Amino acid sequence: MFDGLAASPARFDSAFHIYLLAWLIEPLWIHGGVGTIGGLPKSCKSWLGLDLAVSVASGTPCLDTFPVRDAGGVLLYMAEDAAPLMKARLLGLCRHRGLALAALPIDVITAPTVRLDLLADQQRLAETVRRLAPRLLVLDPFVRLHLPSRRKQKKTL
């Protein structure tokens, strides 16, 4: 009996599929990809998330540099930012590009909390994503998407 890992010759036949790299924002974000924006506190991570959002929604280059390859709708949840602050930031990013925020396909989750460690919230978020089918989903900051008691447990482990 063989206890090793299954392997086959490295040849391109019907058993192998070739996947082409498709960019959402070249070369920052893969189409259909999942990722994080990390950095020190107050290092503009939220601003970058909003710039990604405006870029994808409008088809304009991210950070005035990186081309959007598949523009479309965006869904935002900014857990730490009050709605007026988020709107002011979005308006500023749009003004810089000569865009009208109201014309962009950007939806904002307005629920007071979204907790990814609660099944009910997972289901509500999944249903919202299914219904709106955004090209980009921004959840900021990730640490606020879990119950406080779970955040404390993770710090002590």
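Everything in the sequence shown is counted per the working numbering, starting at -10 for the first residue and increasing by one. Idealized CB from N, CA, C, for every residue including glycine. Please read all numbers here as calculations on a predicted model, not as lab measurements.
What does a CB cutoff of less than 6 Å around Ala167 pick up in its chain, not counting 5 residues either side in sequence?
-> Nothing about residue 167 can be reported from this structure: the residues present for the chain run from -10 to 146 only.
Excluding sequence positions up to five away, which residues of its chain have a Cβ less than 8 Å from the Cβ of Glu116?
-> none
Assuming Cys51 and Ile14 make a contact with CB atoms under 8 Å, what is their CB distance in whole Å?
-> 5 Å
In terms of residues, what are the limits of the alpha helix (DSSP H) holding Asp110?
-> 108 to 121
Write down the C-beta distance between Ala72 and Gly62 rounded to the nearest angstrom, noting that I regard them as a contact closer than 8 Å.
-> Going by Cβ atoms, the distance from Ala72 to Gly62 rounds to 19 Å, so no, they are not a contact pair.
Chain-order list of residues whose beta-carbon lies under 8 Å from that of Pro130 (same chain, five-residue window excluded) | Lys34, Ser35, Ala68, Glu69
As assigned by DSSP and simplified to three states, the class of Asp129 = strand
Specify, as a first and last residue, the run of the alpha helix (DSSP H) that Asp70 falls within.
-> Careful: Asp70 lies outside any alpha helix (DSSP H) and carries neither H nor E.
Keeping to the same chain, check which residues put their C-beta closer than 8 Å to that of Gly28; ignore five residues upstream and five downstream.
-> Lys34
Euclidean distance between Cα positions of Pro137 and Leu126 = 23 Å
Nearest candidate by alpha-carbon position, reference Ala122, set Val57, Gly38, Gly24, Leu65 | Leu65
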